[in-house]
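**Student:** The structure follows.
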Amino acid sequence: DENDPVAMCYTSGTTGRPKGVVYSHRSTILHTLVGCLGDFWGLKGSDVVLAVTPMFHANCWGMPYAAVMMGAKLVFPGPHMHPDDLLDLMQLEPPTLSLGVPTIWMGLIQTFDAAQVADSPHHGRWKLPRGMRTLVGGSAVPESLIRAFDQHGIWILQGWGMTETSPLATVSYPTAELRGASMDERYRRAAMAGLPVPLVDLRVRGDAGADQPRDGHSVGEIQVRGPFITGSYHGVGSPEEKFTADHWLRTGDVATIDAMGFVKITDRTKDLIKSGGEWISSVDLENALMAHPAVAEAAVIAIADAKWGERPLACVVLKPGQSATPGDFGPHLLAHGFAKWQLPDRYEFIDAVPRTSTGKFWKMKLRERFAAANS
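Here it is in structure tokens:
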């Protein structure tokens, strides 16, 4: 029976207890067919796919099914996820398509660029595969990362989805209208979650329960439905906090949608910072901080504040050999369009941002670490 279960993956559990999502034969085949369309993966039998995504992460985003269906070559790095290992693997098996979370590609491009210095012990060791398409998801992709890869002839396609959506729900691909746009506009759009893929219905609902206007400014929760969107959880059913009365999945992601239909993720509902009654996006702050030349990674969390309720705290990882002080970031963020009241009150320099098993920033660990220090 096409509705029989074929696989089950668990949600990452970054904000709560992991829940099992069951995929049927039918939902898996439909998701595979949609993913192979030209504007998305555009997979061909001649492709070499480097899948830097665990199988337990939404079935490696469904790529193994797609590669088998199209006859493409599928390359797995196994446990060798260090940037040096991935770059070595690219020399042995030059990929035409790759996929992974942003943190993987941040580390890879930083390692590659550092090796271009003449006195580097790795100088001349690696080449990047020009023309490769890279599907990136799991968390927001900084525009600075898209620009860095494009300088090497590699275009990043940002996808958005969840374990519950199989996971492909939107892709930020260059539409016909964008092909004649400026590169700045194309980069800006590429850093968005993109357009819903075929068979996925998507709406952005405000607090009052009405659809938000497509103005690119009004924020609300993303809700989705479709033939490969789950309607329940294994052993849990359809809890009211996760599904609406008319059977849409409540994703917990806050976003805007514009006149072209492009979705921009503002934050997770549990990661938004409410300061003095106004919302501050941790994602926007993180992306701007990671555009600073000294910053490798940044994660922003809310800390309690007696006057304002909550204020932003930025955890910053510096690039090797770089130095910075908290005072360096204020002018940088103001230049990126933030108001003074939106700037972090504190900056903490850390060795690494804690990650989940799927490579996402684990903000719960940062809250546990710095909430006590702030109390």
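Here my numbering = 1-based position in the sequence shown + 28. The C-beta atom is built at its ideal place from N, Cα and C for all residues, glycine as well. Everything numeric in this text was worked out from a predicted model, so none of it was measured.
Buried or exposed: where does Glu306 fall if 16 or more other Cβ atoms within 10 Å of its Cβ makes it buried?
**Tutor:** Counting Cβ neighbours within 10 Å, Glu306 comes out exposed, since fewer than 16 surround it.
**Student:** Could you tell me the boundaries of the beta strand (DSSP E) in which Pro33 lies?
**Tutor:** Unbroken beta strand (DSSP E) run through Pro33: 33 to 38.
**Student:** Going by CA-CA distance only, name the one from Pro321, Ser309, Pro348 that's closest to Gly365.
**Tutor:** Ser309
**Student:** Hey, would you say Gly63 sits closer than 7 Å to Leu163, going by beta carbons?
**Tutor:** no
**Student:** Does DSSP put Glu205 in a helix, in a strand, or in coil?
**Tutor:** coil
**Student:** Alpha carbons only, please: which of Pro82, Thr124, Val50 is nearest the one belonging to Ser74?
**Tutor:** Thr124
**Student:** If I follow the unbroken alpha helix (DSSP H) through Phe377, where does it start and stop?
**Tutor:** Run containing Phe377: none in the alpha helix (DSSP H); it sits in the beta strand (DSSP E), 374 to 377.
**Student:** When DSSP builds the beta bridges, which residues end up paired with Asp281?
**Tutor:** Arg296
**Student:** Could you give the DSSP three-state label for Ile331: helix, strand or coil?
**Tutor:** strand
**Student:** Taking the alpha helix (DSSP H) that Arg88 belongs to, which residues open and close that run?
**Tutor:** A small correction: the amino acid at residue 88 is Cys; Arg does not occupy that position in the sequence shown. First-last of the alpha helix (DSSP H) with Cys88: 86 to 89.
**Student:** Identify, in the order they occur along the chain, each residue of the same chain with its Cβ nearer than 8 Å to the Cβ of Ser52, setting aside the five sequence neighbours on each side.
**Tutor:** Glu30, Asn31, Asp32, Pro33, Val34
**Student:** Between the Cα of Gly66 and those of Val225, Ala176, Glu171, spot the shortest distance and give me the residue it belongs to.
**Tutor:** Val225
**Student:** Restricting to Cα atoms, I'd like to know which of Val80, Met392, Thr81 is closest to Val328.
**Tutor:** Met392
**Student:** What's the gap between the Cα of Gln270 and the Cα of Met190?
**Tutor:** The identity of residue 270 in the sequence shown is Lys, whereas the question assumes Gln. Taking the straight line from one Cα to the other gives about 13 Å.
**Student:** Buried or exposed, going by whether 16 or more other CB atoms sit within 10 Å of the CB of Gly208?
**Tutor:** exposed
**Student:** Cys343 and Val381 look like a contact to me (Cβ under 8 Å); what is the Cβ gap, rounded to whole Å?
**Tutor:** 6 Å
**Student:** Pick from Asp286, Arg395, Leu61: whose alpha carbon is nearest that of Gly222?
**Tutor:** Asp286
**Student:** Cβ of Ala330 within 7 Å of Cβ of Met318?
**Tutor:** no
**Student:** Can you list, in chain order, the residues of its chain whose CB lies under 7 Å from that of Ala22, leaving out five sequence neighbours each side?
**Tutor:** Limits of the chain in this structure are 29 at one end and 403 at the other, which puts residue 22 out of reach.
**Student:** Using three-state DSSP, classify Gln350 as helix, strand or coil.
**Tutor:** In the displayed model, Gln350 falls within coil according to three-state DSSP, outside both helix and strand.
**Student:** May I ask you to list the residues that DSSP assigns as paired with Ser126?
**Tutor:** Leu78, Thr162
**Student:** Just to confirm, are Pro340 and Ile301 a CB contact at a threshold of 7 Å?
**Tutor:** yes
**Student:** Thinking Val80 and Ser126 are a contact (beta carbons under 8 Å), I'd like their distance in whole angstroms, please.
**Tutor:** 6 Å
**Student:** Three-state secondary structure (DSSP) at Ile184?
**Tutor:** strand
**Student:** Using 10 angstroms around the beta-carbon of Thr297, count the other beta-carbons present and answer buried if the total reaches 16, otherwise exposed.
**Tutor:** exposed
**Student:** When DSSP builds the beta bridges, which residues end up paired with Arg231?
**Tutor:** Gln251
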